[in-house]
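Chains as they are written, first to last, in the numbering used here: chain A, 1 to 108; chain B, 1 to 113.
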């Protein structure tokens, strides 16, 4: 099956810093999503991005499908950005395989 | 739209008990999914459905059953609960257009003692 690797596993930053999270996957996919899991456990959709680049405020994402990776950029981090960021990729029937996540801690 | 709703939010079961986790979506999505998330891990797919009357196994289906009699509802049944089923369970749905991704419910935190 598809393998998904996220890096780094943990990231600790000061408020205002920028960060880049990476997701590598092992096979062709037709679905890739980035999620933020907040400290209360809620999964929040960030991007649906099987290819190309998207931006939403301070967050942006790029997927290079031919090279099997995706990047999530967070600029001017805020403490509310803390939590775990998951990359999930999928093939048939839109089934998703999740990576292990990157735990981001933003200190004031 | 309420999106994807799950009940209950929390539940404690004794070993050997059974229960049903409820999931409902009001977005008229054909595809629905159940995932479990163990502590410190990503989510793993338990079962999924591509439409009413059609279900299939995911990566970790043992100990669970599902049914899909309507587009809106996709209940997950645990028979003979075991401590290994202690987890957070997420339900999700997606349109079959394949261009919008999956939308997740708030989760059910289940503890089996």
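We put the beta carbon where it would ideally sit given N, CA and C, even for glycine.
Asked	Found
Cβ-based neighbour list, residue 7 of chain A, same chain, cut-off 6 Å, excluding 5 preceding and 5 following	22
Burial state of residue 31 of chain A (16 or more Cβ within 10 Å)	buried
Nearest residue (CA-CA) to residue 80 of chain A, options A/24, A/108, A/72, A/45	A/108
Coarse secondary structure for residue 10 of chain A, derived from DSSP in three states	strand
Those runs of the beta strand (DSSP E) which lie wholly inside the segment 19 to 46 of chain B and span at least 3 residues	19 to 25, 31 to 37
CB of residue 42 of chain B within 9 Å of CB of residue 3 of chain A, strictly	no
Reduced DSSP secondary structure (H/G/I, E/B, other) of residue 5 of chain A	strand
Proximity of residue 78 of chain B and residue 45 of chain B at Cβ, strictly below 9 Å	no
Cβ distance (whole Å) where residue 68 of chain A is taken to contact residue 24 of chain A below 8 Å	6 Å
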